[in-house]
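Protein chains in written order, with the working numbering: chain U, 210 to 560; chain H, 210 to 560. For reference, the structure discussed in these notes is given below.
Number of protein chains: 2
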Amino acid sequence: MNPPTDHASPGARIAVDAMGGDHAPASIVAGVVEAARAFRSRVEPVLVGDERAIRAELDRTGGAGLGLEIVHAEQRVEMDEGGADSYRRKKDSSLNVATRLVRDGGAVGIVSAGNTGAMVAASLLNLGRIPGVQRPAIATLIPTQANRWAVMLDVGAAADCKPIHLFQFGILGEVYARVLLGIARPRVGLLNIGEEPTKGSDLAQEAHALLVASGLHFVGNVEGKDILHGRADVVVTDGFTGNVLLKFAESVWAWGVSAVRREIGEHLLAKMGAYLLKPSLRRFKDSVDYSHQGGAPLLGVNGIAIIGHGRSSPKAIRNALRVAADLVERGILGEIRTELERVNGGKVASS
Amino acid sequence: MNPPTDHASPGARIAVDAMGGDHAPASIVAGVVEAARAFRSRVEPVLVGDERAIRAELDRTGGAGLGLEIVHAEQRVEMDEGGADSYRRKKDSSLNVATRLVRDGGAVGIVSAGNTGAMVAASLLNLGRIPGVQRPAIATLIPTQANRWAVMLDVGAAADCKPIHLFQFGILGEVYARVLLGIARPRVGLLNIGEEPTKGSDLAQEAHALLVASGLHFVGNVEGKDILHGRADVVVTDGFTGNVLLKFAESVWAWGVSAVRREIGEHLLAKMGAYLLKPSLRRFKDSVDYSHQGGAPLLGVNGIAIIGHGRSSPKAIRNALRVAADLVERGILGEIRTELERVNGGKVASS
């Protein structure tokens, strides 16, 4: 099979940080090659990073003939280094080069599975915020009992939030649920530790008041137990609580499997049961697997910015590119601008 | 079987709020009767609440002959009413009467499965705090992958915390892990959204500095994914994050079961598998079930105060009484006082 070398892809140009992630550049390049083969009419990936290393991976994965564009970047941000100041410390990191590419119109979006703090800083400082947005937020999808997804944000961009930030997260999340999930009028809930408006932290109580007056379809406080139940399509919270919750949720599967294995022990019938149940459990696991959603967008910056999981597999990268294409095609940036103006005439947003 | 009516129980006198909880007084009285039958040498329950209703339940459960003491209380705090101000609004609630009983020496502890906010207020205001403790905290047990329990606190007493509060939660949790779980030198971790001391919210960063200097066996920041992994024996966090996390965790089982059921569908072999696996899953569920730990102590007040789950079954109430007895016998109040003085000579604690 000879992939065409002469292509005129009408797809959205998405810069991919080839050097970000635990298995970069190998799994990143592999994922990009998969995406280019699967839906190049929708997305035209631009690989950003060490050119020699990227070419080697393209050769290895058989993607050399695809004619993918490479933009060289001299430096890379490591997973374990402080992310926030890498913007200044490593001017020529693949992240900075990729986000500058978006800023300068060379691409409409970026995908990175690298250091989250560095990705947030590079996106924020190179792309800037959509007018009216005070703090961008990372949105993730949560599989609910209602057999549909919910959006939770922020899950790590903003550890310390003010009420106005949570209010704006409500707007950003509502647009994301509408645009990506196709929910006509998403129910927006505020994560809190009680149902009544007067319950919870000072932050939550003040955010509650703003959300009530927002004109969003605000369904009030939701508690920890309500998230998986699907009581809201959008769960608004600060980046500290959201990040703790997300990482906890990601760890539940491994914990459950090890605990059930311990209970099964040498029980033969139970072992047989586990064997027979395996396909169903596999489907369940796949249905909630992060690699299926591919990545979480950083909402509120001037560009499509998708943050992949640090352990991103090629499949996750491919899906991150698909999500980026979805968001470009559905015009999420314009939708966010419109919604910011609509809600309270932008008054609260700019206060 | 005629239980003795003439008993001289040397057990710890524990006041039980008979009117608190979704199924009060029925399941509360039933649990008390079970406890009195099972380990009255360790605990002497005192039923507090509507005398007529309690007597009716004692008759119904066959506990009338046990000679259990009843202290009448005219009022009860409902599950859905504002808890914090019920202390003043309902002077003669079973909660107030029970905590005053402890204050006046008529009992050494209280168990309630009622309104958590009301329980915290009644305990705080009637019992007072242990000298040096600024904010009491609710501690819960978390089953970890390491096949041992971890303590997490606070899970709902203090929604807004300062660094000094988290520091003190570290002390309270350390004593609880030592006294209840028998861990000689518990590893204390601070829940945060990154491993490095400079990561996370302002609150977490400042608390980190205090805990480093505490003399506790502080293992640094733990992330959401580290909790179930068992990286720390004590997980310190504010009551907002802790409560959201706990309630989320409690909802995972129901969500997983419904999702796996959906995947199993009409697959016959998978159905058989689920059937064969059921005993193991049941043991797993029992091992992580809240009713086994029975209740979560409110640590830092001048008395043993155990908060039961609102849905408390008789078994959960019985176990809450067992935990109360454990804490009395092992002298946790004295241990907390000693530890507060030892850590930094009580300097930080009283600042």
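Glycine is no exception: its CB is placed at the ideal position from the N, C-alpha and C atoms.
Check your understanding: Residue range of the beta strand (DSSP E) that H/His476 falls in?
Key -> Per DSSP, H/His476 belongs to no beta strand (DSSP E) and is neither H nor E.
Exercise for review: Could you name the residues of the same chain whose beta carbon sits closer than 7 Å to that of H/Val497, not counting the 5 residues immediately before and after it, in chain order?
Suggested key: Spatial neighbours of H/Val497 in its own chain (CB-CB distance under 7 Å, excluding positions within 5 residues in sequence) are listed in chain order as Pro352.
Exercise for review: Using a Cβ cut-off of 8 Å, pull out every chain H residue sitting near U/Trp358, in sequence order please.
Suggested key: Correct list: empty, because the minimum Cβ distance to chain H is about 13 Å.
Review point. Relative to the C-alpha of U/Val257, which residue among U/Gly271, U/Val311, U/Trp358 is closest?
Key: With distances taken between Cα atoms, U/Val257 lies closest to U/Val311.
Practice item. Following the continuous alpha helix (DSSP H) through H/Leu412, name the residue where it begins and the one where it ends. Key: Per DSSP, H/Leu412 belongs to the alpha helix (DSSP H) from 411 to 421.
Review point. Any beta-carbon of chain H closer than 7 Å to the one on U/Ile492?
Key: Residue identity check: residue 492 of chain U is Arg in the sequence provided, not Ile. For U/Arg492, the answer is yes, since a Cβ of chain H falls inside 7 Å of its Cβ.
Review point. Near U/Val532, which residues of its chain fall below 8 Å by C-beta distance, leaving aside the five closest residues on each side in sequence?
Key: Correct list, in chain order: Leu389, Gln502, Gly503, Gly504, Pro506, Ile515.
Check your understanding: Where do the N-terminal and C-terminal ends of the alpha helix (DSSP H) with H/Met328 fall, by residue?
Key -> Where H/Met328 is concerned, the enclosing alpha helix (DSSP H) starts and stops at 325 to 336.
Exercise for review: Please compile the residues from chain U whose C-beta is within a distance smaller than 7 Å of the C-beta of H/Ser489.
Suggested key: Neighbours of H/Ser489 on chain U, chain order: Val469, Glu472, Ile473, His476, Ala479.
Practice item. Taking only beta-carbon positions, decide if U/Asp498 is within less than 7 Å of chain H. Key: Not an interface residue.
Exercise for review: Step through the CB atoms of chain U and report whether any lies within less than 7 Å of the CB of H/Thr450.
Suggested key: Residue-level contact check: H/Thr450 touches chain U, since one or more beta carbons of chain U fall below 7 Å from its beta carbon.
Check your understanding: What residues of chain H sit near U/Gln354, judged by a beta carbon separation below 9 Å?
Key -> Ordered by position in chain H, the residues that pass the 9 Å Cβ test against U/Gln354 are Ser460, Ala463, Trp464, Ser467, Ala468.
Review point. From U/Thr547 to U/Ala479, what distance separates their C-alpha atoms?
Key: Using only the alpha carbons, I get a separation of about 56 Å.
**Study point:** Distance between H/Val444 and H/Trp358 (C-alpha atoms, nearest Å)
**Key:** H/Trp358 and H/Val444 have their C-alpha atoms some 11 Å from each other.
Point to revise | Nearest residue (CA-CA) to U/Leu399, options U/Leu381, U/Phe427, U/Val238, U/Ala386 | key: Residue U/Phe427 is the option with its Cα nearest to U/Leu399.
Exercise for review: Please decide whether U/Ala483 counts as near chain H, where near means a Cβ-Cβ distance under 7 Å.
Suggested key: Residue contact with chain H for U/Ala483: present (Cβ-Cβ distance below 7 Å to some residue of chain H).
Check your understanding: Between which two residues does the alpha helix (DSSP H) harbouring H/Leu507 extend?
Key -> Not the alpha helix (DSSP H): H/Leu507 falls in the beta strand (DSSP E), residues 505 to 508.
Review point. Does the segment 338 to 355 of chain U come within contact of the segment 409 to 416 of chain U, defined as at least 3 CB pairs closer than 8 Å?
Key: Not touching, per the Cβ criterion.
Point to revise | Contact set for H/Glu543: own chain, Cβ-Cβ below 6 Å, skip 5 residues either direction | key: Sequence inspection shows Gly at residue 543 of chain H; the Glu mentioned does not correspond to that position. Within the same chain, H/Gly543 has no close Cβ partners at all.
Exercise for review: Inspect the CB distances between the segment 225 to 241 of chain U and the segment 518 to 529 of chain U and report whether three or more fall short of 8 Å.
Suggested key: With a cut-off of 8 Å, the segment 518 to 529 of chain U and the segment 225 to 241 of chain U count as touching, because enough Cβ pairs lie within range.
Check your understanding: Between U/Lys487, U/Gly474, U/Arg471, which lies nearest to H/Arg470 when the distance is taken from Cα to Cα?
Key -> Measuring C-alpha to C-alpha distances from H/Arg470 to each of U/Lys487, U/Gly474, U/Arg471 identifies U/Lys487 as the nearest.
Practice item. Compare the C-alpha of H/Leu425 against each of H/Leu267, H/Gly403, H/Phe378, H/Gly326 and name the closest. Key: For H/Leu425, the nearest C-alpha among the options comes from H/Phe378.
**Study point:** Chain-ordered neighbours of U/Phe457 on chain H, where CB pairs are closer than 8 Å
**Key:** The answer, in chain order, is Gly433, Lys434, Ile436, Leu437, Leu454, Phe457, Ala458.
Check your understanding: Counting contacts by CB-CB distance shorter than 7 Å, is U/Ala368 in contact with chain H?
Key -> Contact with chain H is found for U/Ala368, since one of that chain's Cβ atoms lies less than 7 Å from the residue's Cβ.
**Study point:** Whether H/Asn401 touches H/Asn430 by CB criterion (7 Å)
**Key:** With contacts defined as CB atoms closer than 7 Å, H/Asn401 and H/Asn430 qualify as a contacting pair.
Exercise for review: Compare the C-alpha of U/Pro395 against each of U/Glu404, U/Tyr385, U/Gly403 and name the closest.
Suggested key: Comparing Cα positions, the closest option is U/Tyr385.
Review point. Can a CB atom of chain U be found closer than 7 Å to the CB of H/Ile516?
Key: No - not a single Cβ of chain U is within 7 Å of the one on H/Ile516.
Check your understanding: Taking a cut of 7 Å between CB atoms, which residues from the segment 371 to 405 of chain H lie near chain U?
Key -> Listed in chain order, the positions of the segment 371 to 405 of chain H with a beta carbon within less than 7 Å of a beta carbon of chain U are Leu400, Ile402.
Point to revise | Classification of U/Val286 by the beta-carbon crowding that lies within 10 angstroms, buried from 16 upward | key: Answer is buried; the Cβ neighbour count reaches 16.
**Study point:** Bounding residues of the alpha helix (DSSP H) (the contiguous stretch that carries H/Asn356)
**Key:** From DSSP, H/Asn356 is part of no alpha helix (DSSP H); its letter is neither H nor E.
Check your understanding: Which of the three DSSP states, helix, strand or coil, is assigned to H/Asn211?
Key -> Note that H/Asn211 scores 44 on pLDDT, short of 50, meaning its location in the model is unreliable; the coordinates nonetheless yield the value given after this. DSSP places H/Asn211 in coil when its eight states are reduced to three.
Review point. Under 7 Å between C-beta atoms, does U/Ser410 make it to chain H?
Key: Under the Cβ criterion of 7 Å, U/Ser410 is counted among the residues facing chain H.
Exercise for review: Could you tell me if H/Pro234 is buried or exposed, where buried requires 16 or more neighbouring beta carbons within 10 angstroms of its beta carbon?
Suggested key: H/Pro234 comes out buried.
Check your understanding: Should H/Gly517 be labelled buried (16 or more other beta-carbon atoms within 10 Å of its own) or exposed?
Key -> By the Cβ-count criterion, H/Gly517 is buried, with 16 or more other Cβ atoms from all chains shown falling within 10 Å of its own Cβ.
Check your understanding: Closest to U/Arg551 by CA distance: which of U/Arg338, U/Ile473, U/Leu381, U/His374 is it?
Key -> Cα-wise, what sits closest to U/Arg551 is U/Leu381.
**Study point:** Same chain, Cβ closer than 6 Å to U/Ile279, neighbours up to 5 away in sequence not counted
**Key:** Excluding residues within five positions, the ones whose Cβ falls inside 6 Å are Leu256, Glu260, Ile263.
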